[in-house]
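Presented below is the structure to which this report refers.
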Amino acid sequence: NAGVMQNPRHLVRRRGQEARLRCSPMKGHSHVYWYRQLPEEGLKFMVYLQKENIIDESGMPKERFSAEFPKEGPSILRIQQVVRGDSAAYFCASSPAAGDYNEQFFGPGTRLTVL
Amino acid sequence: AQSVTQLDSHVSVSEGTPVLLRCNYSSSYSPSLFWYVQHPNKGLQLLLKYTSAATLVKGINGFEAEFKKSETSFHLTKPSAHMSDAAEYFCVVTGFQKLVFGTGTRLLVSP
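So the sequences go chain by chain: D and Z.
The working numbering numbers the first residue of the first sequence as 62 and each following residue consecutively.
The working numbering numbers the first residue of the second sequence as 22 and each following residue consecutively.
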């Protein structure tokens, strides 16, 4: 069973461009979470999605950021008009069910650099 | 609100000596607590988790942690450090289906 997959692993964008980060959860997992890790900091929750639904987006910046998890295909985190402050590692995690007792399995992350 | 405080940003030990990484939590309800490890430029791996069963939790690679409700602590220990243990360690509490991370403790292991 392949783990959580994220691509690309590294992404370089210039200010003002768009960044698209992809996450394929583990097989059988329908819950996806996105976290952001700024340099020298812990991970911060961004958004929690189930298939075709956003459950909790309380950690998402109000502008320029959006996420989706369509019925078919990977979850996408989209950042429009990137700025230098968006440079970070973005991690996706998945779990087989909801609930605080369920482990979240993490992908290797996408490291976004904004020039 | 759920939160965790990792009391040390860096811990240095010699190979073969004990490891102690400290974590205190705050929770408005009975929490689930985790320790994750992150090696440089890698993803996160679960070391162990506490989910209201036994208060002493054993994890992978010889790590264990003890949940102490009276002290609101969940410290991570290992009897004997190995060079391969050098990494960043995160104490995590669950908060309404999302994970709340501490700021991390970098473990340095010297020969």
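Cβ coordinates follow ideal geometry from the N, Cα and C atoms, glycine included.
- Item | C-beta atoms of Z:Glu36 and Z:Ala102 nearer than 8 angstroms | In terms of Cβ geometry, Z:Glu36 and Z:Ala102 form a close pair [threshold 8 angstroms].
- Query: Where does D:Met87 sit, in a helix, a strand or coil, going by DSSP?
  - Reply: DSSP places D:Met87 in coil when its eight states are reduced to three.
- Let me know if D:Gln98 comes out buried or exposed under the rule of 16 or more other beta-carbons within 10 Å of its beta-carbon. With 16 or more other Cβ atoms within 10 Å, it is buried.
- When we look at the beta-carbon of D:Ile140 and count the other beta-carbons within 10 Å, is it buried (16 or more) or exposed? That one is buried.
- Straight-line Cα distance separating D:Glu102 from Z:Thr124: The alpha-carbon of Z:Thr124 is positioned some 5 angstroms away from that of D:Glu102.
- chain D contact residues for Z:Thr124, given Cβ-Cβ distances below 9 angstroms: Ordered by position in chain D, the residues that pass the 9 angstroms Cβ test against Z:Thr124 are Glu101, Glu102 and Gly103.
- Complete runs of the beta strand (DSSP E) confined to the stretch 86 to 152 of chain D [at least 3 residues]: Fully enclosed beta strand (DSSP E) runs of 3 or longer: 92 to 98, 104 to 111, 114 to 117, 126 to 129 and 136 to 140.
- Task: Under the assumption that D:Phe152 contacts D:Tyr96 (Cβ atoms under 8 angstroms), give the Cβ distance between them as a whole number of angstroms.
- Result: Contact holds; Cβ gap of about 5 angstroms.
- Pair every Cβ in the stretch 24 to 41 of chain Z with every Cβ in the stretch 66 to 76 of chain Z, then say whether three or more of these pairs are closer than 8 angstroms. With the cut-off at 8 angstroms, the stretch 24 to 41 of chain Z and the stretch 66 to 76 of chain Z do not touch.
- Message: Within 8 angstroms of any Cβ in chain Z, is that where the Cβ of D:Asp147 sits?
- Response: Closer than 8 angstroms: no.
- Item | 9 angstroms Cβ cut-off: residues of chain D touching Z:Phe111 | For Z:Phe111, the residues of chain D that pass the 9 angstroms Cβ criterion are Gly103 and Leu104, in the order they occur in the chain.
- Query: Does the stretch 162 to 171 of chain D come within contact of the stretch 63 to 72 of chain D, defined as at least 3 CB pairs closer than 8 angstroms?
  - Reply: Yes: the two stretches touch, three or more of their Cβ pairs being nearer than 8 angstroms.
- Query: How would you label Z:Val40, buried or exposed, when you count the other beta carbons within 10 angstroms and need 16 or more for buried?
  - Reply: Z:Val40 comes out buried.
- Message: Against chain D, does Z:Leu54 count as a neighbour if the rule is that its beta carbon must be under 8 angstroms from one of theirs?
- Response: Not one chain D Cβ lies under 8 angstroms of Z:Leu54.
- Message: Assuming Z:Gln122 and Z:Phe111 are in contact, meaning their beta carbons sit under 8 angstroms apart, how far apart are those beta carbons, in whole angstroms?
- Response: Sequence inspection shows Phe at residue 122 of chain Z; the Gln mentioned does not correspond to that position. Indeed they touch by this definition, with Cβ atoms about 5 angstroms apart.
- Task: Tell me, to the nearest whole angstrom, how far the beta carbon of D:Arg74 is from that of D:Ile137; I am working on the premise that it is less than 8 angstroms.
- Result: Contact flag wrong, Cβ pair sits at about 15 angstroms.
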